Amino acid sequence: MNTFEKAQETLMHELRLMHTPVAIKYFFDQKELDAFKKTQPHYSPVKPLTFCQSEVGARMEGITVLVEREKTGCSNAAFVFGWKELDESEVKSHLKYCADADHARQVLEAKPHVQGELLAIAVSPLASAFTQPDVVHFVCDNMQAYHIIGDWMASQKIANFKPSMSVNSAVCSGNVYTLNTKEANLYLACSGSYNSGKTERGEINVSIPGEHLEALVKRLEDRVAQKGGASITRLGEPFPGAAVCKNCPLIIFKKEQEA
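Whatever position you read off the sequence shown (first residue = 1), add 105 for this note's numbering.
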(Lines of atoms letter the chains of each structure in order from A and count residues from 1; the text may use other names and numbers.)
(Lines give C-alpha, C1' and ligand atoms only; values in the text may rest on other atoms or scores of the structure.)
Protein backbone atom coordinates (compact mmCIF):
# COMPACT_ATOMS: atom_id res chain seq x y z
CA MET A 1 0.00 0.00 0.00
CA ASN A 2 1.53 3.31 -1.07
CA THR A 3 1.33 6.61 0.80
CA PHE A 4 -1.77 7.83 -1.04
CA GLU A 5 -3.61 4.52 -0.65
CA LYS A 6 -2.90 4.55 3.08
CA ALA A 7 -4.00 8.19 3.39
CA GLN A 8 -7.28 7.47 1.61
CA GLU A 9 -7.95 4.41 3.77
CA THR A 10 -7.32 6.40 6.96
CA LEU A 11 -9.46 9.36 5.91
CA MET A 12 -12.36 7.25 4.63
CA HIS A 13 -12.44 5.03 7.72
CA GLU A 14 -11.69 7.49 10.52
CA LEU A 15 -13.77 10.42 9.20
CA ARG A 16 -16.59 8.19 7.87
CA LEU A 17 -16.37 9.89 4.47
CA MET A 18 -18.98 8.96 1.89
CA HIS A 19 -17.05 10.35 -1.07
CA THR A 20 -13.50 9.44 -2.01
CA PRO A 21 -11.06 12.38 -1.61
CA VAL A 22 -10.13 13.71 -5.04
CA ALA A 23 -6.47 14.23 -5.97
CA ILE A 24 -6.17 17.12 -8.43
CA LYS A 25 -3.15 17.62 -10.69
CA TYR A 26 -2.88 20.74 -12.87
CA PHE A 27 -0.69 20.33 -15.97
CA PHE A 28 1.38 23.25 -17.21
CA ASP A 29 4.15 21.27 -18.92
CA GLN A 30 3.46 19.52 -22.24
CA LYS A 31 6.04 16.77 -21.67
CA GLU A 32 4.53 15.97 -18.29
CA LEU A 33 1.05 15.83 -19.81
CA ASP A 34 2.24 13.61 -22.67
CA ALA A 35 3.91 11.25 -20.18
CA PHE A 36 0.70 11.05 -18.17
CA LYS A 37 -1.33 10.17 -21.26
CA LYS A 38 1.11 7.39 -22.18
CA THR A 39 1.66 5.83 -18.76
CA GLN A 40 -1.42 6.46 -16.61
CA PRO A 41 -4.75 4.69 -17.08
CA HIS A 42 -7.40 7.39 -17.43
CA TYR A 43 -10.78 8.27 -18.90
CA SER A 44 -11.99 11.25 -20.91
CA PRO A 45 -15.53 12.66 -20.96
CA VAL A 46 -17.47 11.52 -24.02
CA LYS A 47 -19.20 14.90 -24.15
CA PRO A 48 -18.12 18.26 -22.68
CA LEU A 49 -18.79 18.34 -18.93
CA THR A 50 -18.58 20.83 -16.12
CA PHE A 51 -15.49 20.42 -13.94
CA CYS A 52 -17.61 19.24 -11.02
CA GLN A 53 -19.23 16.61 -13.26
CA SER A 54 -15.79 15.35 -14.28
CA GLU A 55 -14.92 15.00 -10.60
CA VAL A 56 -17.85 12.61 -10.19
CA GLY A 57 -15.71 10.00 -11.94
CA ALA A 58 -13.04 10.30 -9.24
CA ARG A 59 -15.12 10.67 -6.08
CA MET A 60 -17.99 8.31 -6.98
CA GLU A 61 -16.75 5.90 -9.67
CA GLY A 62 -13.12 5.57 -8.58
CA ILE A 63 -11.59 6.45 -11.95
CA THR A 64 -9.04 9.01 -13.13
CA VAL A 65 -10.49 11.60 -15.50
CA LEU A 66 -8.48 13.94 -17.70
CA VAL A 67 -10.13 17.36 -18.11
CA GLU A 68 -9.06 19.19 -21.25
CA ARG A 69 -10.15 22.46 -22.77
CA GLU A 70 -12.29 20.99 -25.53
CA LYS A 71 -14.10 18.71 -23.08
CA THR A 72 -14.95 21.50 -20.62
CA GLY A 73 -18.62 22.39 -21.01
CA CYS A 74 -18.80 25.05 -18.30
CA SER A 75 -17.97 28.66 -19.12
CA ASN A 76 -17.39 29.44 -15.44
CA ALA A 77 -14.71 26.76 -15.14
CA ALA A 78 -13.20 27.71 -18.50
CA PHE A 79 -12.92 31.32 -17.31
CA VAL A 80 -11.27 30.35 -14.02
CA PHE A 81 -8.85 28.01 -15.82
CA GLY A 82 -7.83 30.71 -18.29
CA TRP A 83 -9.50 28.96 -21.22
CA LYS A 84 -12.03 31.74 -21.82
CA GLU A 85 -11.85 35.53 -21.72
CA LEU A 86 -14.10 37.75 -19.64
CA ASP A 87 -16.82 38.77 -22.09
CA GLU A 88 -20.32 40.16 -22.02
CA SER A 89 -21.92 36.72 -22.11
CA GLU A 90 -20.09 35.82 -18.91
CA VAL A 91 -21.17 39.08 -17.28
CA LYS A 92 -24.77 38.44 -18.34
CA SER A 93 -24.73 34.92 -16.89
CA HIS A 94 -23.83 36.39 -13.48
CA LEU A 95 -26.50 39.09 -13.36
CA LYS A 96 -28.92 36.90 -11.41
CA TYR A 97 -26.35 36.68 -8.60
CA CYS A 98 -25.27 40.31 -8.61
CA ALA A 99 -26.61 43.80 -8.01
CA ASP A 100 -25.95 44.98 -11.56
CA ALA A 101 -23.59 44.52 -14.51
CA ASP A 102 -20.75 46.46 -12.86
CA HIS A 103 -21.01 44.27 -9.78
CA ALA A 104 -21.07 41.15 -11.95
CA ARG A 105 -17.85 42.24 -13.65
CA GLN A 106 -16.24 42.89 -10.26
CA VAL A 107 -17.27 39.43 -9.09
CA LEU A 108 -15.74 37.81 -12.16
CA GLU A 109 -12.51 39.76 -11.87
CA ALA A 110 -12.21 38.79 -8.19
CA LYS A 111 -12.46 35.05 -8.82
CA PRO A 112 -9.32 32.96 -8.36
CA HIS A 113 -7.68 32.31 -11.73
CA VAL A 114 -5.08 29.74 -12.68
CA GLN A 115 -1.71 31.44 -12.86
CA GLY A 116 0.09 30.33 -16.01
CA GLU A 117 -0.95 28.53 -19.18
CA LEU A 118 -3.01 25.54 -18.06
CA LEU A 119 -2.98 22.57 -20.45
CA ALA A 120 -5.20 20.05 -18.65
CA ILE A 121 -6.31 18.79 -15.24
CA ALA A 122 -6.35 15.22 -13.93
CA VAL A 123 -8.77 14.27 -11.17
CA SER A 124 -8.41 10.89 -9.52
CA PRO A 125 -9.27 9.05 -6.32
CA LEU A 126 -6.58 9.90 -3.78
CA ALA A 127 -5.48 6.25 -3.63
CA SER A 128 -4.83 6.34 -7.39
CA ALA A 129 -2.75 9.53 -7.32
CA PHE A 130 0.21 9.06 -9.67
CA THR A 131 2.19 11.96 -8.21
CA GLN A 132 1.94 14.52 -5.41
CA PRO A 133 -1.47 16.19 -5.93
CA ASP A 134 -1.58 19.95 -6.21
CA VAL A 135 -4.89 19.95 -4.29
CA VAL A 136 -6.96 17.35 -2.43
CA HIS A 137 -10.69 18.03 -2.57
CA PHE A 138 -13.24 16.61 -0.12
CA VAL A 139 -17.02 16.59 -0.52
CA CYS A 140 -18.21 15.99 3.03
CA ASP A 141 -20.61 16.99 5.76
CA ASN A 142 -20.29 19.82 8.27
CA MET A 143 -18.54 17.89 11.04
CA GLN A 144 -16.20 16.05 8.70
CA ALA A 145 -15.22 19.46 7.32
CA TYR A 146 -14.73 20.71 10.89
CA HIS A 147 -12.25 17.92 11.58
CA ILE A 148 -10.35 18.30 8.30
CA ILE A 149 -9.98 22.05 8.66
CA GLY A 150 -9.15 21.75 12.37
CA ASP A 151 -6.40 19.24 11.69
CA TRP A 152 -5.09 21.33 8.80
CA MET A 153 -4.91 24.43 11.02
CA ALA A 154 -3.13 22.50 13.77
CA SER A 155 -0.68 20.72 11.48
CA GLN A 156 0.23 24.00 9.74
CA LYS A 157 0.00 26.15 12.90
CA ILE A 158 -2.63 28.43 11.34
CA ALA A 159 -4.15 30.91 13.80
CA ASN A 160 -7.03 32.26 11.70
CA PHE A 161 -8.68 30.42 8.82
CA LYS A 162 -10.03 32.59 5.97
CA PRO A 163 -11.98 30.65 3.34
CA SER A 164 -12.82 31.96 -0.13
CA MET A 165 -16.06 31.39 -2.02
CA SER A 166 -16.88 32.68 -5.50
CA VAL A 167 -20.39 33.23 -6.78
CA ASN A 168 -21.30 30.66 -9.44
CA SER A 169 -17.91 28.90 -9.39
CA ALA A 170 -17.61 26.49 -6.50
CA VAL A 171 -15.51 23.42 -7.25
CA CYS A 172 -13.54 25.02 -10.08
CA SER A 173 -12.53 28.26 -8.37
CA GLY A 174 -12.59 26.81 -4.85
CA ASN A 175 -9.78 24.42 -5.73
CA VAL A 176 -7.89 27.02 -7.77
CA TYR A 177 -7.86 29.25 -4.68
CA THR A 178 -5.99 26.50 -2.81
CA LEU A 179 -3.69 25.93 -5.80
CA ASN A 180 -2.74 29.62 -5.86
CA THR A 181 -2.51 30.35 -2.14
CA LYS A 182 -1.30 27.01 -0.74
CA GLU A 183 -4.00 27.39 1.92
CA ALA A 184 -7.03 25.25 2.71
CA ASN A 185 -10.45 26.36 1.56
CA LEU A 186 -14.02 25.76 2.71
CA TYR A 187 -16.88 26.63 0.37
CA LEU A 188 -20.50 25.92 -0.46
CA ALA A 189 -21.87 24.33 -3.61
CA CYS A 190 -22.76 26.75 -6.38
CA SER A 191 -25.96 26.41 -8.38
CA GLY A 192 -24.12 24.45 -11.07
CA SER A 193 -22.40 21.99 -8.77
CA TYR A 194 -25.68 21.38 -6.94
CA ASN A 195 -27.88 21.04 -10.01
CA SER A 196 -25.51 19.17 -12.30
CA GLY A 197 -22.40 18.34 -10.26
CA LYS A 198 -24.12 15.69 -8.16
CA THR A 199 -23.76 17.25 -4.72
CA GLU A 200 -26.42 17.14 -2.03
CA ARG A 201 -27.95 19.95 -0.01
CA GLY A 202 -26.11 19.05 3.18
CA GLU A 203 -22.66 18.61 1.66
CA ILE A 204 -19.83 21.12 1.80
CA ASN A 205 -16.48 21.38 0.01
CA VAL A 206 -13.03 21.36 1.61
CA SER A 207 -9.76 21.71 -0.29
CA ILE A 208 -6.26 21.37 1.12
CA PRO A 209 -2.85 21.75 -0.55
CA GLY A 210 -1.50 18.37 -1.62
CA GLU A 211 1.80 19.00 0.15
CA HIS A 212 -0.04 19.35 3.47
CA LEU A 213 -1.85 16.01 3.21
CA GLU A 214 0.79 13.92 4.97
CA ALA A 215 0.90 16.18 8.05
CA LEU A 216 -2.89 16.32 8.27
CA VAL A 217 -3.27 12.54 8.08
CA LYS A 218 -0.50 12.02 10.63
CA ARG A 219 -2.26 14.30 13.11
CA LEU A 220 -5.47 12.31 12.62
CA GLU A 221 -3.63 8.99 13.05
CA ASP A 222 -1.84 10.24 16.17
CA ARG A 223 -5.15 11.27 17.76
CA VAL A 224 -6.64 7.86 17.04
CA ALA A 225 -3.59 6.13 18.54
CA GLN A 226 -3.35 8.38 21.60
CA LYS A 227 -7.02 9.00 22.38
CA GLY A 228 -8.73 5.97 20.89
CA GLY A 229 -10.74 7.69 18.16
CA ALA A 230 -10.87 10.36 15.48
CA SER A 231 -13.31 12.70 17.20
CA ILE A 232 -12.12 16.13 18.33
CA THR A 233 -15.44 17.09 19.87
CA ARG A 234 -15.49 14.01 22.12
CA LEU A 235 -11.92 12.81 22.57
CA GLY A 236 -11.64 9.05 22.54
CA GLU A 237 -14.79 8.52 20.49
CA PRO A 238 -14.45 6.89 17.05
CA PHE A 239 -17.22 8.90 15.38
CA PRO A 240 -16.14 12.39 14.24
CA GLY A 241 -18.54 14.86 15.75
CA ALA A 242 -20.57 12.54 17.98
CA ALA A 243 -23.57 14.62 19.07
CA VAL A 244 -23.60 13.76 22.75
CA CYS A 245 -23.35 16.49 25.40
CA LYS A 246 -20.49 15.73 27.78
CA ASN A 247 -22.81 16.37 30.75
CA CYS A 248 -25.65 14.16 29.50
CA PRO A 249 -26.32 11.38 32.05
CA LEU A 250 -28.36 9.24 29.65
CA ILE A 251 -26.22 8.26 26.68
CA ILE A 252 -23.52 6.29 28.45
CA PHE A 253 -22.24 2.82 27.62
CA LYS A 254 -20.46 0.45 29.98
CA LYS A 255 -18.41 -2.52 28.83
CA GLU A 256 -19.68 -5.67 30.46
CA GLN A 257 -17.41 -8.48 31.60
CA GLU A 258 -17.59 -11.64 29.57
CA ALA A 259 -19.35 -14.54 31.24
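Glycine included, each C-beta is placed from N, C-alpha and C at the ideal position. Model, not experiment: these values are computed from the prediction.
With residue i and residue j assumed to form a contact (beta carbons below 8 Å), what rounded beta-carbon distance in angstroms separates them?
i, j, result
"L318", "A112", "6 Å"
"A294", "E308", "7 Å"
"L120", "A320", "Contact flag wrong, Cβ pair sits at about 16 Å."
"N310", "S296", "Not really, about 14 Å apart at Cβ, beyond 8 Å."
"R174", "W188", "5 Å"
"S312", "A275", "No, S312 and A275 are not in contact; Cβ-Cβ is about 10 Å, not under 8 Å."
"A163", "P230", "5 Å"
What separation, rounded to the nearest whole angstrom, lies between the Cα atoms of residue i and residue j?
i, j, result
"V240", "E361", "46 Å"
"I226", "E363", "55 Å"
"V127", "N280", "11 Å"
"F186", "F358", "52 Å"
"L284", "R328", "28 Å"
"L325", "E316", "16 Å"
"M117", "T125", "7 Å"
"D246", "F133", "32 Å"
"K332", "P343", "9 Å"
"L138", "Y131", "9 Å"
"E252", "A264", "The sequence given here has His at residue 252, not Glu. So the alpha carbons of these two residues sit roughly 15 Å apart."
"A232", "K143", "20 Å"
"A330", "L340", "11 Å"
"F141", "Y282", "24 Å"
"A348", "A206", "45 Å"
"C350", "K262", "28 Å"
Closer than 7 Å by C-beta to residue i: which residues in its own chain qualify, once you throw out the five before and the five after it? Chain order, please.
i, result
"V172", "F156, S159, A225, I226, V228"
"E86", "The requested residue 86 does not occur in the structure, where the chain is confined to residues 106 to 364."
"G255", "I337"
"M258", "F266"
"T115", "V322, L325, E326"
"A204", "none"
Nearest to residue i by CA position, among the options, is which residue?
i, options, result
"F109", "I129, R121, R210", "I129"
"V161", "R324, Q237, G302, M258", "G302"
"S271", "D207, Y292, Q249", "Y292"
"M248", "P153, A275, M258, T338", "T338"
"L154", "T169, T144, S180", "S180"
"Q135", "R210, P150, S312, E222", "E222"
"A250", "G346, T177, R164", "G346"
"V151", "P343, Q237, T177", "T177"
"Q220", "K287, A206, F344", "K287"
"V244", "Q261, D207, T304, D205", "T304"
"K216", "P238, A330, C277", "C277"
"H218", "Y202, H208, A140, S269", "S269"
Considering only heavy atoms of the ligand NAD, does any lie closer than 8 Å to the CB of residue i?
i, result
"F344", "This structure lacks the ligand NAD; in fact it carries no ligand of any kind."
Please list, in chain order, all residues of the same chain as residue i whose beta carbon is under 8 Å from its beta carbon, the five residues on each side excluded.
i, result
"L213", "F184, L191, E195, V196, H199"
"S149", "V170, L171, E173, K176"
"L122", "L116, F243, C245, Q249"
"I202", "Looking at the sequence provided, one finds Tyr at residue 202 rather than Ile. Once the five neighbours on either side are set aside, the close Cβ partners of Y202 are A209, V212, V272, N273."
Using C-beta distances below 6 Å, list every residue in its chain close to residue i, excluding the 5 sequence neighbours before and after it, in chain order.
i, result
"Q145", "F235"
"H147", "T169, L171"
"S260", "A320, L321, R324"
Unbroken stretches of the alpha helix (DSSP H), 4 residues or longer, contained in the stretch 292 to 343: 296 to 300, 318 to 332, all fully within the stretch 292 to 343.
Alpha helix (DSSP H) runs wholly inside the stretch 182 to 206, at least 4 long, in chain order: As for any alpha helix (DSSP H) of minimum length 4 sitting wholly inside the stretch 182 to 206, the runs are 193 to 198, ordered along the chain.
Any beta strand (DSSP E) of 3 or more consecutive residues that is wholly inside the stretch 199 to 250: For the stretch 199 to 250, the full-length beta strand (DSSP E) segments reaching 3 residues or more read 225 to 230, 240 to 245 along the chain.
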